[in-house]
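Taking it in order: structure first as structure tokens, then the write-up.
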């Protein structure tokens, strides 16, 4: 239909920034235009999602990210709609052995908190696995990335394997999960009392396992990292030689995995303590953080403002597609959590990640309604 409104005008109407006459005209158009009504609903949902994602951050950080969001909204084509990443990563069932796959990623991804730009948003990583890495540190900043920037990064003519002198690898500890008979036995092995959910439906099967204390490390090829920044158009950052002078090391504490199953449902809770990350001497984390933000598409002014406000010693920058529709922030016992949900072969899957003090929790499940799943998370004590 002719006379349709672009995203800027629709958002101005949502934000109460249109003059009364212009607002009445827009409302009259919306009454007869299904396309504009649908796009307005998408923009409204996106604004609500952004508010939730940013509500737990210091005041200056959301303000800086809001400017980034506005720029993305201006650049996004009017026809761009929401999309779900969850189906790319859904599994038919939850397996205890899958934790063995996640654990190496969790170990070195925590170290990558300060050099996240060097990975350039690898498209092969599934959304759930990305989110699993988030709460291995104390704080998280969610940075929206436009679809155009993601496509640019994915199309770079760059061999990611050249980023490392030595690739991410486990250097100590066992890779195998150790089965145990009970949570009491798990507690004796890991040194803390595991929390457990209070499920409302009968439990017919339980499994428990613990992971070993372990160390992961990798060493960055600085020249290759500089080339990546150049290809991505980030020319105002000079990575220090010190970044590649020694390995980046993440020391992982033991973690506990518990699986509970009943008639038509199952949940798995992974919990542990965030790792300690050691960087080479002489590395300025704020500078690397600035490089990460520039890599994700921020202009120099926005990146400098945000980089100066983030405590890079404890914070992971997590890039997420600006138009994702299966990701939302929730509250779990007063702590912010990130919920991923979707369906696969007609069955609902959900994963929720949150941090309480130095302890992280990852709850995954199938066969539960969203309300029942969130209630299970709230019951974890």
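In the numbering used here, the protein residues as written are 2 to 382. Using N, Cα and C, we set each Cβ at its ideal position, and we do this for glycine too.
It is roughly 41 Å from the alpha-carbon of residue 365 to the alpha-carbon of residue 237. Non-local C-beta neighbours of residue 203 in its own chain, meaning closer than 8 Å and more than five positions away in sequence, comprise 263 and 264, ordered along the chain. Annotation: residue 215 to residue 41 spans about 49 Å, alpha carbon to alpha carbon.
Scanning its chain for C-beta atoms nearer than 8 Å, with the 5 sequence neighbours on each side dropped, one finds around residue 27 the residues 6, 10, 11, 14 and 19, in chain order.
Between the alpha carbons of residue 328 and residue 32 lies a distance of about 30 Å. Boundaries of the beta strand (DSSP E) around residue 220: 215-221. The shortest C-alpha to C-alpha distance from residue 257 to any of 144, 148, 379 and 361 is the one to 361.
Annotation for residue 151: the continuous alpha helix (DSSP H) segment containing it runs 148-155. If you look at residue 25, you'll find it in the alpha helix (DSSP H) that goes 21-33.
Straight-line measurement puts the Cα of residue 173 at about 12 Å from the Cα of residue 254. Here the alpha carbons of residue 180 and residue 298 stand approximately 44 Å from one another. When Cβ pairs closer than 8 Å are counted between the two stretches, the segment 239-251 is seen to touch the segment 278-285, the count reaching three or more. Around the C-beta of residue 218, 16 or more other C-beta atoms lie within 10 Å, and the residue is accordingly described as buried. In this model, residue 295 and residue 185 are separated by some 47 Å (Cα to Cα). Distance from the CA of residue 371 to the CA of residue 167, rounded to the nearest whole angstrom, comes to 42 Å. The three-state secondary structure of residue 299, taken from DSSP, is coil. Per DSSP, reduced to three states, the secondary structure at residue 374 is helical. Considering only 347, 351 and 192, the residue with the shortest C-alpha distance to residue 212 is 192. Apart from sequence neighbours up to five positions away, the residues of its chain that approach residue 232 with a beta-carbon distance below 6 Å are 157 and 159, ordered along the chain.
Annotation: residue 349 to residue 36 spans about 29 Å, alpha carbon to alpha carbon.
With a threshold of 16 other beta carbon atoms within 10 Å, residue 205 falls short and is exposed.
A direct Cα-to-Cα measurement between residue 304 and residue 17 gives close to 28 Å. For residue 252, the enclosing beta strand (DSSP E) has its first and last residue at 249-253.
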